[in-house]
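**Student:** After the structure tokens below, expect a handful of questions from me.
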Amino acid sequence: MSNREQCLSMFAVKKTPARKKTHEWRHGDYLLTDDPRRLDLDAVCAMLHSTYWASDRPRSVIEKAIRHSVNLSLLHEGRQVGFIRGVTDHATFTWLCDVIVHPDHRGKGLGKWMVQCFLEHPELQTISHHLCTKDAHALYESFGFKRIQAMRRSDRLLPFLLV
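In this text, residue positions in the sequence shown follow our numbering: the first is 975, and each later residue adds one.
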């Protein structure tokens, strides 16, 4: 079999992915989990619609983004009160995005704890991590993130990229 035929045969095999092991962390009364069954899409949409970066993001786009990401849900007494999402190729990069804690639960160090857990997540152990923020530089710099110049291609202006 030629190299080309071997490559084609690798892509022709369609495997049904086995259920991945879920990862959970506890912080007092809070649970952070990557279990997709625990994610409350309505709560995530409501929180994201209250932000400067996703206020006009349609629910269908949020749902599609979640489907193609590693998601961590912050739960308090079984209710979704926070969210953090990673877009990754599982090898070279992870884009950290949509970090949100419900206003009723802010000021307790939960955002910092969520980022720490996110960076420890086994599926997100990549060569580099990236993000974009308008107002939380100190939080991310405390985890070793550095401000860099970046390029972007899009027809749509994003409020968090405007300086």
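All C-beta atoms, glycine included, are put in the ideal place defined by N, C-alpha and C.
Just so it is clear, the structure is predicted and the values come from calculations on it, not from any experiment.
In or out: S1116 buried (at least 16 other Cβ within 10 Å) or exposed?
**Tutor:** For this step, residue 1116 is matched to residue 142 along the sequence shown. By the neighbour-count rule (16 or more Cβ atoms within 10 Å), S1116 is not buried but exposed.
**Student:** Can you say whether V1044 is buried or exposed, counting buried as having 16 or more other CB atoms within 10 angstroms of its CB?
**Tutor:** Numbered from its first residue, the sequence shown carries residue 1044 at position 70. Under this definition V1044 is a buried residue.
**Student:** Among D1008, R1033, D1009 and W1027, which residue has its Cα nearest to the Cα of C1176?
**Tutor:** Lying outside 975 to 1137, the shown extent of the chain, residue 1176 is not represented and no answer is given.
**Student:** Taking the alpha carbon of T1107 as the point to measure from, which residue in M1088, H1095 and K1120 has its own alpha carbon closest?
**Tutor:** Mapped onto the sequence shown, residue 1107 falls at position 133. Ranking the options by Cα distance to T1107, first place goes to K1120.
**Student:** Is it buried or exposed for R1011, if we count other Cβ within 10 angstroms and need 16 for buried?
**Tutor:** Taking the sequence shown and counting its residues from 1, one reaches residue 1011 at position 37. Classification for R1011: exposed.
**Student:** Taking the alpha-carbon of R1059 as reference, which of W1087, S1024 and T1068 has the nearest alpha-carbon?
**Tutor:** Position 85 of the sequence shown, counted from the first residue, corresponds to residue 1059. Residue T1068 is the option with its Cα nearest to R1059.
**Student:** How many whole angstroms separate the CB atoms of L1048 and V1075, which I take to be in contact at a CB cut-off of 8 Å?
**Tutor:** The count along the sequence shown starts at 1 and reaches residue 1048 at position 74. The count along the sequence shown starts at 1 and reaches residue 1075 at position 101. About 7 Å separates the two Cβ atoms, so the contact holds.
**Student:** Identify whether R1000 lies in helix, strand or coil by the three-state DSSP scheme.
**Tutor:** The count along the sequence shown starts at 1 and reaches residue 1000 at position 26. Strand.
**Student:** Could you check whether H1079 and V1055 sit closer than 7 Å to each other, using their CB atoms as the reference points?
**Tutor:** As a working note, residue 1055 is residue 81 in the sequence shown. As a working note, residue 1079 is residue 105 in the sequence shown. Yes, the Cβ-Cβ distance between V1055 and H1079 is below 7 Å.
**Student:** Looking only at DSSP bridge pairs, what is H1104 linked to?
**Tutor:** For the purposes of this step, residue 1104 is identified with residue 130 of the sequence shown, where counting begins at 1. According to DSSP, which records beta bridges pairwise, H1104 is partnered with W1069.
**Student:** Relative to the alpha-carbon of A1065, which residue among H1103, S1029, M1088 and A1039 has its alpha-carbon at the smallest distance?
**Tutor:** Stepping through the sequence shown from its first residue, residue 1065 is reached at position 91. The residue with the shortest Cα to Cα distance from A1065 is H1103.
**Student:** If you run the structure through DSSP and keep just helix, strand and coil, what is Q1099?
**Tutor:** Mapped onto the sequence shown, residue 1099 falls at position 125. In this structure, Q1099 counts as coil in the three-state DSSP scheme.
**Student:** Please classify V1089: is it buried, with 16 or more other beta-carbons within 10 angstroms of its beta-carbon, or exposed?
**Tutor:** Position 115 of the sequence shown holds residue 1089. V1089 should be labelled buried.
**Student:** When DSSP builds the beta bridges, which residues end up paired with L1022?
**Tutor:** Position 48 of the sequence shown holds residue 1022. DSSP lists no partner for L1022.
**Student:** Quick one, which of G1052, T1025, E1051 and T1062 has its alpha-carbon nearest E1042's?
**Tutor:** If you number the sequence shown from 1, residue 1042 lands on position 68. Looking at the sequence itself, residue 1042 is His, so the reference to Glu does not match. Comparing Cα-Cα distances from H1042 to each of G1052, T1025, E1051 and T1062, the minimum goes to T1062.
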